[in-house]
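Read the structure below first, then the notes.
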Amino acid sequence: MRAKQVTALMMAATLAVTGNGVTAFAEPVANVEAGDAATEALNVETTEEVETAAEVEVTEDSEDVTKSAQKDASSDVTVETKTSATTVKAGATVTVTTTVKGDKLTNGTLTVKSYELIATKSAVDTTIATSADGTFVFAPEKDTTYKVKAVFTHASEKNEYYAEKALDAFTIEAASIATNRLHVPEVTTISNKDGAALNTTAAPEVTAALETANKLDEAYGKWTVKDEAVTTATKEIVFTFTATDGVYTIDNSDTAAVETDKTYEKTVSVKVVQLATGVSIEDENGAISATVEMATTDKKALTAKVAAGSGSDTVSNAKVTWTSSDSSKVKVTATGDNEAVITAVSKTEAGKEVTITATTTDGTQKVGEIKVAVKEGINADSISFDSKLPEITYEGAGDLEDYYKDYVAALNKKTTIGTYSIKDTSETIDSVGGVDKTSTVASLKTNTENSQTIKNGLTIVFTLSDDAGLTPVDGKTKWDTKTVEKTYDVVINRAVINRDASAVTGKLESSYAAGAKLSEILAGKNDTEFDIEVQKKVDGAWEKIADLTKEIPNIGTLANYQVKYSLKDSAKNVYTLSGADANGYKYVSLSGVSITQPVLTDVKAENKSENLTADKFKDKDTLTLKASYDEKKLGTANYTVSYQWYKLNEKTNKYDAIKSATTETYTTSTFADIPGTYYCEITADVKGSVKDFLPDATDAQVEAYSKLVKSTNKVTVEATKITVDTTTSGLGLSKTEATYGATADVKAIAKVTADDVSAYRVYYKQVTTVANKPSLGEAKDITKKSVNEDEAFLFKSGRTISESLGNLDAGTYRIYLEVTAGKETTSYEIGDIKVAQKEITGLNSKNLKVEDATYGQKLSDAKIIYNDTEIDAALDFAFVDNTVADAGSYTSKEVAVSVVDPNYTTDTKVTLKANVNVAKAPLSVTAKDVTIEQGQEAALDGTVKGLVGKDTAKVTYAVLGTDGKAVQSTKNLAVGTYKIRATVEDQKNYDVTSVVDGTLTVNAVAATGVTVNTTALKINVGESRQVSATVAPANAADKNVTWSSDNTAVAKVTSDGVVYAIAEGTANVTAKTANGKTATIAVTVSTVKADSVKLSASKVTLTSIGASKTVKATVNPTNTTDKTVTWSSSNKKVATVDKNGKIVAKGNGKATITVKTANGKKATVKVTVKQATKKVVLKVGKKVVTGKTYTLKEGKKATVKATVTDAKGKKVTSGNQKIKWTTSNKKVATISKSGKITAKKAGTVKITAKTADGKKVTFKVKVK
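In structure tokens:
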């Protein structure tokens, strides 16, 4: 029954629509059944649908009707659409065309005004495009439906009409996007303050890179950081791109980088850049902690060391700025990113030092500073000292001051403000030669050193004059001293003594007396006359190696006697003996001296070890053996004495020579080798030949002066030496004279008797005369043979050796025999042989054969051959005429003869004649290669070889064209290569044997340089400039240039010369020609900072919670590099703002919205949120009575409540929610301030609820 009543009521009800959209019932609803549950409730006969329809929104002015609504014309008009496709890839567009039909269109009642394309997503309609002809091109989106709405005007009504047509649903297929189309976030560095793990999403570099990449790729998806932490160890960030779901997929052909078809990862290497944590200032000595003291005009180099935390690649910016607290006292000048020089300008007062500051430029503003005090004075560093002292030459012991007094005097001539002197010090200088010396020159250390260095040997002191009025500074803290000093090493060199033999010869001839002693001969002034000036400074620097007390031997009067000189051991440390031999000896000849035979006697060896005996050895003992002989009985001949130690080999029972044991003392600590039997062999050997100093010596005397060998006694007992005695007899030559070529017939003969003969040899020494003295040449073998055991046996009973001398050159030779038996080798003089020259006779002109001469040679240069090989080799034949003759034949020219082989002799005055032919000289011509550029005239030349003296040849050169003919000019030749032909005229004395063509190379005109339209370009980040280059010369074949930048992180340049500013900094943009010519533009890229920011509104009023208003921020100037702004709200409970400037009301009240640029420029907008009434709903109990009529019995009461909401449906709390209640007839019903209704008498009244902001709503009360 109730449902039927409701239906009937709905059908009977008529709705009146007012102009402001408020819908109310035109007639009251009657016949409410009694028996409703609520006694005081309104008995409203209606359904929920009716109640909902009655809850209508009220406008701001519910009393006026000013706008007519659009009316649905679907019954009169048909809308038809045609879609190009219903299945599309994401991002692809479709085309929709629209047509409308209907009678009212035909008769002109309705006219098309426009078409709208409406998208419906999440139940919200949004008009996305309008069109005059109904054609739309758009990209359908997923989960969105579309319809076309046609809007019409009416011929007589103000109202508009509309008709709609829904488009068929679209199927959106995911589109594939290639990874190379994506923009990977560009991050190269991450700033860090502590070196720990970094939150990359919080790093400003990462945030900026993500924002840039997402702006570029927002159509396809979104970039994020896969892992938010990056450590200083890995230095990598993994970025992930996620494609918009269902819209795009990622081309997974790059399997290494694509994780799925929806995600793509890219790893970027970064440098973790450490920000500065501190600054210290250093000089050449390290960090400066104390006040720096300087003299006026002093300069000091400083370095700022920028410190950073651990774990970073580098300090982000090690640059600093330098400042001085008082530049009039101390000036600071930057010389590099973190280097500077300070200059002391004027004196500072005590306690008012100047502060020098170094401040980092990486934004951390870290500061390092030092204090500088300036005093008047001379800096010690400015006092002139030489880097080192001049070296000195030893002239005898004495104070160093004596050696350097002239040097100090020269220093004092160079200064006017003080005095140089040598410091008198008692300090011990370095030990030299094993002895401590003080203030004296020490001896040189070893005989092998030519100089000695005394470390810190001398100190030079500079003392300021009292009247100078200046105080020296040592560069640090001493300002009260008057002296500055420097200590030097001293280098001492040897002196050189020249002991000249000519000073001795002839002085003793008249003073010699037979039997006199050398000491008598060399006594007195004769000895000192040999000294030179520098030698006199050291007493007895040299010595004669002879016993001056022994008697002169008595073998006879000799032509010369040599005295051997050497420096004394002490003198060897400081002098060098000029002309000394390798052993340090120099020989001086004395005249008229007699010598006796020397004798080597009393040779012995003895054990010098304290702990050793001959038959007992102790562990860890050192064996020391010493050999000696009676030196006095050796005589005064010039001998060389040598030693060789031997030890008995227990296995072979032979003595083996001990290596390196060649001095009179033998020492060994090789304990296992000490026991044994030893002996030393002493050899006295005459220097040179005996007859060199005994020309008249007999054979016996020669033998006496020959090598003397004596063996010592054995050190130990029991062991004995096996000796081998060698004897010879029959020494001699088969001939003592021979002619060259017949020497082979001569034999050396000797009979040798000895045991253990192992080898023998026959050798010779050529005898020559030098300065009337016989001289022997070096030994040369005639034969050398080893002897086997069988042959050695033959020597025991005596064996005759007979060896041919072979072919010796003309000259005199001394023949020797050397026999080795056991360990002994003995030489014997066999005799002299004289080889005479061979004489050539019977020379004849008929035997001469002359080879042609060539023009340019002298006739004497013509080669002449004698028709006898031996004669041709021994003699030389040459024309007497040595002129240069023309080519031709010449007869009966005289030939001279000369001997070229000293083994021959002949009559060189013999007259010979021969004919000679002079041939033409060969001549060759080579044309030089020439390279020119197209359009140039070539300079042709060549090389002529073979011309004699000042002869000339006439040669012409021509360039052959492609037709083989000579060209008149090379200016018109095309690029390419051409032959250069040389032509030579006939020559009288020459045969042209070779003519070589040259090559002319014609090159295209090369660029000689390139210029740019500007050498300096200033540009702001984000801007671009076109630059240009001009290649010279104007006719260059290749005028193309390539552009490059040496710092693409700051500026890039395209191939056609467009420069793009990337980041702040400097770069060099270079234009380069094909052949390497360059020109450079210095590009300075700057950032343009914002000078202001303006907002599109200064005040915003929002009348509902959730309402929004977007304010646009404009950063000035328009070319500001970083236009990033940040938004903030002073009271987020009243209003919030997002990064796009969208202000959203959150609560009633006031707030200030601030926008801020990257460099701190600000602008504000005042926001007022005060809810305005949009809708008022009246209820009694749970029943909505707005716009309705309810019945109340007389005397009854009921309370009506009003719910006030704003445009967003939020409950109004701004004060506008307050209701003023009125009744149209207080006699029928009254209503209190709180909304309590009292029924007075039967009748109907209108109850009005009015909000504080004037919104009204009514309902009727029927009292019965």
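Residue numbers -26 to -1, 1 to 1238, in mature numbering (1 follows the signal peptide of the UniProt record, and there is no 0), belong to the letters of the sequence shown in order.
Where a beta carbon is used, it is the ideal one built from N, C-alpha and C, also for glycine.
Below 8 angstroms, enough C-beta pairs join the stretch 1168 to 1175 and the stretch 1147 to 1159 to call them touching: three or more.
Around the beta-carbon of E655, 16 or more other beta-carbon atoms lie within 10 Å, marking it buried. Inclusion of A64 and A177 in the CB contact set at 8 angstroms is not warranted, their separation being larger than that value. Annotation for E313: A275, L276, T277 and A278 place their beta carbon closer than 8 angstroms to its own, counting only its chain and skipping 5 residues before and after. When the beta-carbon positions are compared, V1108 and V1143 come within less than 8 angstroms of each other.
The continuous beta strand (DSSP E) containing K1171 extends over residues K1171 to T1173. In the displayed model, A113 falls within coil according to three-state DSSP, outside both helix and strand. Going by beta carbons, N889 and Q811 fall outside the 8 angstroms limit. The beta carbon of T67 is closer than 7 angstroms to those of V111, F112 and A113 in its chain, skipping five residues each way along the sequence. A distance below 6 angstroms between beta-carbons, with the five flanking residues on each side excluded, links T1094 to the following residues of its chain, in chain order: V1062 and A1064. Exclusion of the five residues before and after A1125 leaves S1103, S1104, N1105, V1108, A1109 and V1141 as the residues of its chain whose Cβ lies within less than 6 angstroms of its Cβ.
Around the beta carbon of Q618, a 10 Å sphere encloses 16 or more other beta carbons of the protein chains shown; the residue is thus reported as buried. Nearest to K236 by C-alpha distance, out of F215, V242, G252 and K245, is F215.
Within the same chain, T71 come within 6 angstroms of T109 by CB-CB distance, once the 5 residues on both sides are set aside. Under the 8 angstroms Cβ criterion, the stretch 781 to 792 counts as touching the stretch 861 to 878, having at least three qualifying pairs. Rounded to the nearest whole angstrom, the C-alpha separation of L705 and K721 is 11 angstroms.
The three-state reading of DSSP puts A148 in coil, since its state is none of H, G, I, E or B. According to the DSSP assignment, I224 belongs to the beta strand (DSSP E) that extends over Y222 to I224. A contact is defined here as three or more CB-CB pairs under 8 angstroms, and the stretch 304 to 312 meets this definition with respect to the stretch 324 to 338. Where P649 is concerned, there is no enclosing alpha helix (DSSP H), because DSSP gives it neither an H nor an E.
The alpha-carbon of G909 is positioned some 50 angstroms away from that of K832. Taking the Cα positions, A1003 is about 11 angstroms away from T989.
Put simply, of A1203, K1215, A1008 and S1198 the residue whose alpha carbon is nearest the alpha carbon of T1222 is S1198. Sequence-distant Cβ neighbours of T1016 in its own chain, meaning closer than 6 angstroms and more than five residues away, are K1046.
E365 sits in coil when the DSSP states are folded into three classes, being neither helix nor strand. Residue pairing by DSSP puts A932 in a beta bridge opposite R955. Counting only the Cα atoms, I146 lies some 6 angstroms from K116. When C-alpha distances from K321 are compared across Q339, G351 and G342, the shortest belongs to G351.
Looking from the CA of N891, the closest CA among V346, Y381, E825 and K429 belongs to E825. Excluding sequence positions up to five before and after V1111, its CB lies within less than 6 angstroms of the CB of W1101, S1103, I1117 and I1127, all in the same chain and listed in chain order. Residue pairing by DSSP puts E210 in a beta bridge opposite S243.
Contact between V1059 and V1089 fails: their C-beta atoms lie close to 19 angstroms from each other, not under 8 angstroms. K709 and K600 have their C-alpha atoms some 49 angstroms from each other. Of the other Cβ atoms in all chains shown, fewer than 16 fall within 10 Å of the Cβ of Q339; this residue is therefore exposed. Nearest C-alpha to K139 among T309, I151, V125 and E131: V125.
Straight through space, the alpha carbons of A981 and N1049 are spaced by roughly 7 angstroms.
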